[in-house]
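Colleague: Can you keep this structure in mind? I'll have questions shortly.
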Amino acid sequence: MTWVEESVSLTKENIDNILKYLPLLEDKANKFYCEDSQDESGAVVLPFYVLTGIGLKFYEDLYKEGFVTNFRWMDWIAEAGEYSASDEKLSKADLKDIRRLLTIIVRQGRFCEGLLEETIESGLMLKILKRLKEIGERVE
């Protein structure tokens, strides 16, 4: 999958296409991933976390809708940590910040298995999408 340049603007449609996952994240009955993949002998097989159909579609849509951008994300990890640690800071995030957070979660997840799943489990992804909804209400 490819990412877009950070300078590429998002449309209301792009935002809405990601926000369709908000009610799915709010309902804990929806599983975006499963854990503990085992073979027939019971041995755990990597990857430990496996995205379900809905989780994989969410992951793909983050790319498709332009939320995974091309920027020096490793240089922004410390700031991303501040957003994830502070609800107050996250409540002030703008669209660029949200895109950067989602980019880091997706891109770093390639090196840190289970990061996307952890953001879903911890509720951080839900908070990010709720903030995106607030931002999206002002986008025409």
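In terms of our numbering, the sequence shown opens at residue 9 and continues consecutively. Quick reminder that beta carbons are idealized off the backbone N, C-alpha and C, glycines included.
When you compare the stretch 71-81 with the stretch 16-26, are there three or more beta-carbon pairs, one atom per stretch, that lie closer than 8 Å?
Modeller: They touch, by the three-pair rule.
Colleague: Please tell me whether W81 and R107 are closer than 8 Å, where the distance is taken between their beta carbons.
Modeller: no
Colleague: Could you check what DSSP says for L137 in three-state terms: helix, strand or coil?
Modeller: L137: helix per DSSP, three-state reduction.
Colleague: Starting from E87, follow the alpha helix (DSSP H) in both directions and report where the run begins and ends.
Modeller: 85-93
Colleague: For T111, does the count of other Cβ atoms within 10 angstroms reach 16, so buried, or fall short, so exposed?
Modeller: buried
Colleague: Which residue or residues does DSSP assign as beta-bridge partners of L59?
Modeller: Y41
Colleague: What does N78 pair with, by DSSP beta-bridge criteria?
Modeller: E13
Colleague: Assess contact between the stretch 78-98 and the stretch 22-34, defined as three or more Cβ pairs (one per stretch) separated by less than 8 Å. Is contact present?
Modeller: no
Colleague: Could you check whether L59 and E79 sit closer than 8 Å to each other, using their CB atoms as the reference points?
Modeller: A small fix is needed here, since residue 79 is Phe in this sequence, not Glu. Result no, Cβ atoms of F79 and L59 do not sit closer than 8 Å.
Colleague: Would you decide whether L64 is buried or exposed? Buried here means 16 or more other CB atoms lie within 10 Å of its CB.
Modeller: exposed
Colleague: Can you list, in chain order, the residues of its chain whose CB lies under 7 Å from that of N25, leaving out five sequence neighbours each side?
Modeller: Apart from sequence neighbours up to five positions away, the residues of its chain that approach N25 with a beta-carbon distance below 7 Å are D69, E73, ordered along the chain.
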